[in-house]
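At position 74 of the sequence shown (counting the first as 1) the number is 74 in our numbering, and the numbers step up by one without a gap. Report on the structure given below.
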Amino acid sequence: MSGNVTAWSLLDEFIAERHALGYIYKTDEGAVRRFLRDFPDPGDGDLEFTKEYVLAHTQRKMNQKSNTVLRDICAVNAYLDFVRRKGFPAYKIPPKSLPKEVRNFRAYIFTEDEIERMLAAADKVPYTNQNPIRQFQLPVMFRILFNCGLRISELIRLRVCDVDLENKVFTILETKFHKNRLVPFSDVVADALKEYFRQVPTLDTWLFPGPKAAGVYSPSGMNNHFRMLLRIAGIPYQGKEKGPRPHAIRHTFAVHCLNNWVLSGEDLTASLPVLSRYLGHNGLRGTQKYLQLTAQMYPDILQKVESRFGELIPFMEVPDETL
C-alpha cells in the first residue's frame, strides 16, 4: 500500500463520498474525527484498525447517553466500512454489541381545542418591563410553531432577513443535522407576522430579540413561557417525564399533518419524503415514527393506516423528543 495513505486522507475521501451522495455529514464527521484523534498512522501506509483500538476509542464516556453512544458508533462503523472497501483491515463493532436505543419518552399531542386555547393564551400575555415587546412576540412565535413545526432552536434563531413575506417562506439555516431548508408558511402566519412588524417596527437582526440586549431567547426562557401559556390555557403539566414540553408542538404538527393526509387518502409513500424534508429530518426513519404516533393517537384510522401503509410503520416504541 502507498505510504501516502493515512487514516485522515481516507476520512477526506469518505467525507467527499458522503457529500457526493447528498449528505451534509457534519455531526457524524465530528464523531469520526474524535475516534481518529489518537490513531497511530504507520509510515508505510499499511493501515489497520485493530479490535483493541476500536473498542478503546468507542467506549461509553461518563454521563454519556446511550443514544449518543449509538449515534457515534454507527458513524465510526460507516467510516470503517469505507476503510475496508479501500482494502485495509478494520474491526467493526458488531450489531449485537451496540447499545440499545432508549425510547422511554411518550410524546404529548395537543388536540385542536388545546391548540386554540394555547394561541388564545398567547394573545393574553401581559406587558412586562423586563421585555416590553414580549406581548407582541409570543402570539406570532407560537402561531409559527403550531403552523410550521419548527424546532424551538430554529424559531429563536430566525433573523429578519430569513422572512420572505411576499412568497411566504422562512429560510432555516444550519440547524440540527446541519440542514438548510425553506419552510413555507400559511396566511395565518403571514398575517401574524405583518401585525408583529407593524407593532415592532424597530427590529434589526433577530426576528424575536430576547430580553437581554443584542441577544435571543434561550431554550429555558422559551420553556418558561410555554409553561406560562399552559397555565393560562388550563392545560395541566403532568411532570418531567410526561410533559407536555415545548417540543410537543413539533410532534403535534407532524401527527396532525399525517392524520389529515391519511383521512384524505394521500399516498404516504410520496408524502413522507416531503414531510421529512419540511421538518429537516436526516432521513425517513424519524418521520416514519410520526406515522406510528398517528396510528396510536387516532385509533379510528389505525386499520386504514395498517392496511395501506403498514410497511411504512416502524416496529418500535414511540421515539424520544430528538426528532
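Ideal Cβ positions, reconstructed from N, Cα and C, are used throughout, including at glycine. Predicted model, so just to flag it, every value in this text is computed and none were measured.
Under the DSSP definition of a beta bridge, which residues are partnered with residue i?
| i | result |
| --- | --- |
| residue 132 | Partner(s): none; residue 132 has no beta bridge. |
| residue 170 | 163 and 183 |
| residue 49 | 90 |
| residue 216 | 209 |
Assign residue i to one of three DSSP states: helix, strand, or coil.
| i | result |
| --- | --- |
| residue 83 | helix |
| residue 107 | coil |
| residue 193 | helix |
| residue 280 | coil |
| residue 115 | helix |
| residue 226 | helix |
| residue 199 | helix |
| residue 19 | helix |
| residue 9 | helix |
| residue 139 | helix |
| residue 95 | helix |
| residue 77 | helix |
| residue 55 | helix |
| residue 71 | helix |
| residue 28 | helix |
| residue 154 | helix |
| residue 125 | coil |
| residue 66 | helix |
| residue 35 | helix |
| residue 273 | helix |
| residue 234 | coil |
| residue 247 | coil |
| residue 147 | helix |
| residue 4 | coil |
| residue 221 | helix |
Distance, Cα to Cα, residue i vs residue j?
| i | j | result |
| --- | --- | --- |
| residue 90 | residue 80 | 6 Å |
| residue 118 | residue 215 | 26 Å |
| residue 249 | residue 61 | 32 Å |
| residue 26 | residue 212 | 31 Å |
| residue 279 | residue 149 | 7 Å |
| residue 237 | residue 202 | 36 Å |
| residue 44 | residue 78 | 24 Å |
| residue 19 | residue 75 | 14 Å |
| residue 31 | residue 52 | 18 Å |
| residue 273 | residue 258 | 12 Å |
| residue 58 | residue 68 | 11 Å |
| residue 193 | residue 262 | 31 Å |
| residue 147 | residue 252 | 10 Å |
| residue 284 | residue 276 | Interpretation of residue 284 is limited by its pLDDT of 49, a score under 50 that renders its predicted location unreliable; the figure taken from the coordinates is listed afterwards. So the two alpha carbons sit approximately 6 Å from each other. |
| residue 235 | residue 205 | 34 Å |
| residue 11 | residue 128 | 52 Å |
| residue 233 | residue 15 | 48 Å |
| residue 152 | residue 70 | 25 Å |
Assuming residue i contacts residue j (C-beta within less than 8 Å), just tell me the rounded distance between them.
| i | j | result |
| --- | --- | --- |
| residue 223 | residue 246 | 6 Å |
| residue 183 | residue 170 | 4 Å |
| residue 359 | residue 73 | This structure leaves residue 359 out entirely; the chain is present only between 1 and 323. |
| residue 172 | residue 217 | Residue 172 to residue 217, Cβ: 16 Å. No contact. |
| residue 99 | residue 123 | Incorrect: roughly 45 Å between the Cβ atoms, too far for contact. |
| residue 108 | residue 244 | 4 Å |
| residue 190 | residue 158 | With 8 Å as the limit, residue 190 and residue 158 do not qualify as a contact, their Cβ atoms being about 14 Å apart. |
| residue 142 | residue 196 | Actually they are not in contact, since the Cβ atoms of residue 142 and residue 196 sit about 12 Å apart, beyond 8 Å. |
| residue 48 | residue 88 | 7 Å |
| residue 7 | residue 36 | 5 Å |
| residue 163 | residue 207 | 6 Å |
| residue 144 | residue 200 | Actually they are not in contact, since the Cβ atoms of residue 144 and residue 200 sit about 15 Å apart, beyond 8 Å. |
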